[in-house]
Amino acid sequence: MFDNKTILITGGTGSFGKKYVKTLLERYKPKKIIIFSRDELKQFEMQQEFNQRCMRYFIGDVRDKDRLRRAMQGVNYVIHAAALKQVPAAEYNPMECIKTNINGAENVIEAALDNDVEKVIALSTDKAANPINLYGATKLASDKLFVAANNIAGGHKTLFSVVRYGNVVCSRGSVVPVFQKFIDEGKDHIPITHPEMTRFWISLQQGVDFVLKNFERMLGGEIFVPKIPSIKITDLATAMAPNLPQKIIGIRPGEKLHEVMCPADLCFDTFEYDDHFVIAPGIKFSSRSNDFTINAIGEKGHPVSTNFEFNSLDNPDYMSVEEILAFNIEAIK
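The numbering of the sequence shown is UniProt numbering, which starts it at 1 and goes up by one.
Shown next, in the form of structure tokens:
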């Protein structure tokens, strides 16, 4: 579906954007791939790796609606990956996080509608479910904006959906590079925030593939959540540094002990499919059905049980130390 299409990625110089571009170029023949981001150095570095004729690089900030509107001219599909994502930084710089993650989301929506973009998928995070930190709260607000955008589209053909998943192995800001830095520097321990902490675990390629597939599946207004395993942070540290002791340093500001992707409060709007869940919008769409039991490619889902919650602690799928090690090695390739 991406052959001869124009795709724009906000925040496209990040870990996700680079892997998404690589995958698009390997599997499809896009007309254009537009990288929209604000860091000229990262764009220059990315151009050294991806300089195909279809590539375009736009300097711009999602806070700038006019620049977004110009960049989206002639665009078919948009992936909104731009965000301020560091939990402690968001706690100490709340307005900056709000400007990018909430106001920026509104700008992406309006620019997409103004240009009759066909489909938009916004990337979310497990921290947006039952948020306890500002980053999660801004991403929850962003998710709500993208869901509601389907209702304000009016006569526009644009569809908006959200993809939510957990911690991405080896992405910038994830715990794996932090642990690896301690190992490379010859430190005498691995820092652990809490011995019982758990997280969802997904590779960058899995995240990219999930987004690609959901462009086909989407009806507009749903939040897609992949079925992915959990890990214990202590098991991750053991897998990476089996001979180093682990030192408990305490939970950081705004950090959860366990993460949630499908909250129990939304169990009546949650549907289970073979390899993912769909959280249907709580609002009713005026122009079409709110039936999310069958997606756009005919896959069928069913309602989850009352009080069902998909969280990293109670997830039935846990990775062992050996599985984590093998998974991380494969994810880095």
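Ideal placement from N, C-alpha and C gives every residue a C-beta, glycine not left out.
Under the three-state reduction of DSSP, which class applies to residue i: helix, strand or coil?
i, result
"Asp272", "Residue identity differs from the one stated: residue 272 is Glu in this sequence, not Asp. Reduced to three states, the DSSP call for Glu272 is strand."
"Ile294", "strand"
"Pro141", "Reading off the sequence, residue 141 comes out as Ala, not Pro. In the structure shown, Ala141 sits in a helix (DSSP, three-state: H, G or I)."
"Met55", "strand"
"Leu41", "helix"
"Phe16", "helix"
"Phe215", "helix"
"Pro88", "helix"
"Phe277", "strand"
"Pro303", "strand"
"residue 334", "Residue coverage of the chain in this structure runs from 1 to 333, which leaves residue 334 outside it and unanswerable."
"Asn107", "helix"
"Val169", "coil"
"Ile183", "helix"
If you count every other CB in all the chains shown that lies within 10 Å of the CB of residue i, and 16 or more means buried, which is it?
i, result
"Val178", "exposed"
"Tyr165", "buried"
"Ser171", "buried"
"Ser312", "buried"
"Gly14", "buried"
"Ala112", "buried"
Name the two residues that bound the continuous alpha helix (DSSP H) containing residue i.
i, result
"Pro191", "Element bounds for Pro191: not the alpha helix (DSSP H) but the beta strand (DSSP E), Ile190 to Ile192."
"Met240", "Ile233 to Met240"
"Lys247", "Segment Gln246 to Ile248 is the beta strand (DSSP E) holding Lys247; no alpha helix (DSSP H) there."
"Ile223", "Element bounds for Ile223: not the alpha helix (DSSP H) but the beta strand (DSSP E), Ile223 to Pro226."
"Leu266", "Per DSSP, Leu266 belongs to no alpha helix (DSSP H) and is neither H nor E."
"Ala82", "Neither: Ala82 is in no alpha helix (DSSP H) and is coded neither H nor E."
When the Cα atoms are used, what is the spatial distance from residue i to residue j?
i, j, result
"Gln86", "Thr100", "13 Å"
"Asn290", "Gly221", "9 Å"
"Val211", "Tyr28", "15 Å"
"Ser286", "Gln43", "41 Å"
"Gln180", "Asp188", "13 Å"
"His258", "Arg53", "44 Å"
Bridge partners of residue i, per DSSP?
i, result
"Tyr77", "Ile7 and Lys119"
"Leu159", "Lys119"
"Ser230", "Phe200 and Tyr318"
"Lys32", "Thr6"
What are the start and end residues of the beta strand (DSSP E) that includes residue i?
i, result
"Cys97", "Per DSSP, Cys97 belongs to no beta strand (DSSP E); it is in the alpha helix (DSSP H), Pro94 to Ile98."
"Arg199", "Thr198 to Ile202"
"Val260", "Val260 to Cys262"
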